[in-house]
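Just so you know, the sequence shown maps onto residues 1069 to 1338 in this note's numbering. Just so it is clear, CB atoms sit at the ideal spot from N, CA and C, and this is done for glycine as well. Keep in mind that this is a model prediction, so the values were computed, not measured. Data first, discussion second: the structure below is written as C-alpha cells.
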Amino acid sequence: MAVRVWTDWVDHDRSARVWGAIRAVADGASPTLAHAVSACAQALSAAGAGLAMTRDGGMLEPVLATSPEIADLDELQFELGDGPSGEAAAMSAPVLEPDLAGVAAGRRWPAFAAAGGARNVRGVFAFPVAAGAARVGVLTVYRREPGPLQREQLEQALVFADALFVLALDNRQGVSADLDEVIEAAFTARRAEVHQAAGRLASQQRISVTDALARLRAYAYSSGLSLYKVAIDVMSDRLHLDGDQPRGGGPPAKPQLTDPETAEKEEEED
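Below is the structure:
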C-alpha cells in the first residue's frame, strides 16, 4: 500500500512539473498545443519537437514544430510515407530510435535516417497523443546526440503527450478551438492540393489514391522538391508523371518540371 501511495505521489508531482513547464512557456497566456510542444523540447534538452495530428484516425498531418528545421523533418516523414511518427501512430505505442546513424535505423527508414543525419539529428522519439481508442496525433522529439532517453525523460515525454491530448480535446465541445485552428491551417492551406493531385493521378492512371500519393512522394524526394510544390505543378499541368496523360490525349510525357520563368527565357532566346 505504501508503494502505491508513493507511486501516485511521484506521478502527480511529475504531472505538476510538466504543466508548470507548459505554463511557464505560455507566460501568462492560456496554454496551447504550441506551448506544450515547446516546453517538451526544452524539458528534454532536445533540438526540437513536432506535433502531427490526425482526423478520425486517418493520415498524419504535421501541424506544429519548434523550428523550420524540425518542421522539415516532420514534413519529410509525411512525404516519404514512413518514419517513427507514422509507426507510433500505427502501433499506438512509442517508437524510440536512439541513433538514426545506426544500422537498424538505416534499414528501417533509409531515406529518413539519411535526411536526419544530414541535419545533424541523431535521436528521434515518437509518442502517440491518445487515450484508449481516441487518437489525436503524435509528438516527435528530435535530439542532436545519440543515445536513449533516460527513464525520467521518457516518463516526462509521456506526460507531455498526455498534456497535449488534454489541450487538444475540450470536455464540453470535443475539439478545442486551438486544435481546430491548427488543423484547418495545415489541412486547407497545403494538404488539399496534395490530396487533389493524388486523386487526379489516381483517376488518370487507374491506380489507388494510396499508390498515387506514393508516386507523388517518390517524385518529390528524388527531385528535391517539396510535396506541395509537386502537387501544384501536377494540378497546373506543368508536371506529368509516368502514365499521366496530358490534356489533349497525347502520349504520356516523360517526368519533367517546367518553371514558367525559365520557359519565358527559353522562348526569348529562340
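Subject >> Among Ser1290, His1263, Ser1153, nearest to Ala1299 - alpha-carbon criterion >> reply: His1263
Original post:
From this set, Val1163, Met1159, Ser1135, Pro1130, which residue's C-alpha is nearest Val1147's C-alpha?
Top reply: Note that residue 1147 is Glu in the sequence shown here, rather than Val. For the residues Val1163, Met1159, Ser1135, Pro1130, the minimum Cα distance to Glu1147 belongs to Pro1130.
Original post:
Enumerated in chain order, which unbroken segments of the alpha helix (DSSP H) with a length of 4 residues or greater are wholly contained in the segment 1083–1131?
Top reply: 1101–1111
Subject >> Contacting residues, own chain, Cβ-Cβ under 6 Å from Val1302 (five flanking each side not counted) >> reply: Ala1265
Subject >> 8 Å CB neighbourhood of Glu1213 in its chain, flanking five on each side removed >> reply: Arg1190, Gly1191
Original post:
What's the gap between the Cα of Leu1293 and the Cα of Leu1164?
Top reply: 28 Å
**OP:** Helix, strand or coil for Arg1283, going by three-state DSSP, please let me know.
**Re:** helix
Original post:
Near Arg1072, what residues of its chain come up, given a Cβ to Cβ distance below 7 Å and the 5 sequence neighbours on each side ignored?
Top reply: Below a pLDDT of 50, predicted positions are generally treated as unreliable, and Arg1072, at 38, falls in that range; the measurement from the model is reported next regardless. No residues qualify anywhere along the chain.
**OP:** Could you pull the start and end residues of the beta strand (DSSP E) that Leu1293 belongs to?
**Re:** From DSSP, Leu1293 is part of no beta strand (DSSP E); its letter is neither H nor E.
Original post:
Is DSSP giving Pro1178 helix, strand or coil here?
Top reply: helix
**OP:** Have a look at Gly1149 and Gln1110 and give me their C-alpha separation to the nearest angstrom.
**Re:** 28 Å
**OP:** Measure the C-alpha to C-alpha separation of Thr1122 and Val1197 and round it to an integer number of angstroms.
**Re:** 10 Å
Original post:
Taking buried to mean at least 16 other C-beta atoms within 10 Å of its own C-beta, is Asp1305 buried or exposed?
Top reply: exposed
**OP:** Tell me whether the beta-carbon of Leu1237 lies closer than 8 Å to the beta-carbon of Leu1101.
**Re:** no
Original post:
Where does Arg1274 sit, in a helix, a strand or coil, going by DSSP?
Top reply: coil
Original post:
What number of angstroms, rounded off, separates the C-alpha of Lys1185 from the C-alpha of Ser1291?
Top reply: Checking the sequence shown, residue 1185 turns out to be Gly, not Lys. When rounded, the distance between both Cα atoms is 19 Å.
Subject >> Same chain, Cβ closer than 7 Å to Val1086, neighbours up to 5 away in sequence not counted >> reply: Gln1224, Val1227, Phe1228, Ala1231
**OP:** With distances taken Cα to Cα, identify the nearest neighbour of Leu1295 among Glu1261, Arg1268, Asp1279.
**Re:** Glu1261
**OP:** Quick one: residues in its chain with C-beta nearer than 6 Å to the C-beta of Ala1194, no 5 flanking neighbours on either side, listed in chain order?
**Re:** Pro1152, Ser1153, Ala1156, Val1163, Val1206, Thr1208
Original post:
Taking Arg1082 as the reference, which of Ala1286, Leu1235, Asp1140, Glu1220 has the closest Cα?
Top reply: Glu1220
**OP:** Put Val1192 into one of helix, strand or coil per three-state DSSP.
**Re:** strand
Subject >> Backbone secondary structure at Glu1165 - three-state DSSP >> reply: strand
Original post:
By how many angstroms is the C-alpha of Leu1168 removed from the C-alpha of Ala1183?
Top reply: 9 Å
Subject >> Reference Asn1188; option with closest CA among Ile1138, Thr1134, Arg1176, Val1171 >> reply: Ile1138
**OP:** Determine the direct distance from the alpha carbon of Ala1115 to that of Arg1058, and round the result to whole angstroms.
**Re:** Any property of residue 1058 remains undetermined from this structure, which presents the chain solely from 1069 to 1338.
Original post:
For the beta strand (DSSP E) that contains Gly1205, what are its first and last residues?
Top reply: 1202–1211
Original post:
Are the CB atoms of Tyr1210 and Ala1089 nearer to each other than 8 Å?
Top reply: no
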